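A short write-up of the structure that comes next.
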Amino acid sequence: VYTCIYESPIIIAPTAFHRLAHIDGEVATARGATEAKCIYTYNWVYSTMPEEKVLQTTGNIQALSYLTFILFMILGPKFFHIYLTAPIDILEKIVPQVDKKGYRAIVVTCDDPTTRVRDHILPLFLEASEYIDPTIFQTVETANINMNDLCSEPTLTKMAITWTNLERLRKLTRLPIICKGILSPVDAEIAIKYGANGIIVSNHGSRLIDTTVPAIECLKDIINVVDGRAEGKVCLMKISNMFLALKDLR
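Here the sequence shown stands for residues 5 to 254, numbered as in the working numbering.
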């Protein structure tokens with residue numbers, strides 16, 4: 005997958021607030037992914053641990069021999085997740101650093117039509133702010149965004165998404181960009197036009213909307229559209245907070 009070799013077809017999705025489930029949070033998840041030799045996707049906005057600690061789960065790059073470093077770059081790198089609606093001044097600071105830190109692809113959420121925090125889980129969502137590592141944003145200026153405000157009101161995800169957002173991101177990085185949340189072959193076609201290198205077929209963002217089409221029913225049609233122009237031979241589908249990579253279904 006994007007020049008990397010993995011022993012498992014499972015990609016761990018960019019889920020939020022892992023410290024609600026485990027004291028080590030995203031570090032524990034990333035460590036497990038490294039041991040299983042599968043892909044871990046770091047959620048920059050809603051993680052409770054800074055990425056520096058997550059990246060350490062693949063070893064200290066500076067201490068590696070040249071051969072070991074090459075193997076690390078082939079076997080160990082992770083994906084980096086962002087929201088396309090993040091303010092451009094933040095993206096301009098964050099995105100150019102991503103490839104320098106060893107990430108192999110950028111995953112962007114394209115299906116965020118409405119708030120996904122239901123009333124009965126809102127207390128947990130607010131509680132998550134207490135688990136966020138205070139150093140998580142220390143490497144960049146974040147336009148005076150308060151982490152408690154970020155958890156109680158999704159400042160970085162409440163704006164409308166347009167294809168211009170994707171086009172703008174494409175200009176900031178040479179890494180592969182994977183659009184997560186595509187269910188329509190038409191949208192897949194447009195995503196490629198605006199710079200996407202891969203598609204994650206997923207209805208996760210619309211999980212609170214009734215009558216959403218199942219991702220599996222859309223997969224084959226999207227493969228037919230992207231095959232040969234994007235990561236089409238390995239298409240990704242959302243299943244129970246993980247992605248299962250499916251080989252060509254045709």
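For every residue, glycine included, the Cβ atom is placed at its ideal position computed from N, Cα and C. These figures come from a predicted structure and were not determined experimentally.
Test item: CB-CB of residue i and residue j under 8 Å
i    : j    : result
C222 : L187 : yes
D116 : G199 : no
V58  : V102 : no
K84  : T52  : The amino acid occupying residue 84 in the given sequence is Phe; Lys does not appear at that position. Cβ atoms of F84 and T52: not closer than 8 Å.
N207 : A219 : yes
G36  : C114 : no
A34  : K82  : yes
Residue from the options with nearest C-alpha to residue i
i    : options                : result
L176 : L59, L95, A90, V111    : L95
V229 : G202, N207, S206       : G202
T19  : V111, R174, E11        : V111
V190 : T33, W167, R178        : W167
I86  : C42, C183, A192        : C183
A1   : S12, G29, D225, A34    : Outside the modelled stretch of the chain, which goes from 5 to 254, sits residue 1, for which no answer is possible.
Y107 : K97, I43, D93          : I43
K41  : G29, E11, N47          : E11
K197 : R174, T216, T215, V217 : R174
R172 : E56, D93, N47, T215    : D93
N47  : A109, V217, I227, D231 : A109
E56  : I14, K104, P13         : K104
Residues bridged to residue i (per DSSP)
i    : result
T45  : F83
V112 : I86, C183
Cβ-based burial, residue i [other Cβ within 10 Å; buried from 16]
i    : result
I9   : exposed
P91  : exposed
Y99  : Reading off the sequence, residue 99 comes out as Val, not Tyr. Its Cβ being crowded by 16 or more others within 10 Å, V99 is buried.
V5   : buried
P180 : buried
V49  : buried
I27  : exposed
T7   : exposed
R178 : exposed
K251 : In this prediction, K251 scores a pLDDT of 40, lower than 50, which makes its location untrustworthy; no coordinate-derived value is stated.
F247 : Residue confidence for F247 is low, a pLDDT of 43 falling below 50, so the modelled location carries little weight and cannot support an answer.
A67  : A caution first: A67 carries a pLDDT of 46, below 50, which makes its placement in the model unreliable, though a value can still be read off. By the 10 Å Cβ count, A67 comes out exposed.
Assumed close pair residue i, residue j - CB separation to whole angstroms, cut-off 8 Å
i   : j    : result
T45 : I16  : 6 Å
L88 : I165 : 5 Å
Residue i: CB within 7 Å of a non-hydrogen atom of the ligand SAH
i    : result
D231 : Because no ligand of any kind appears in the structure shown, any question about the ligand SAH cannot be addressed here.
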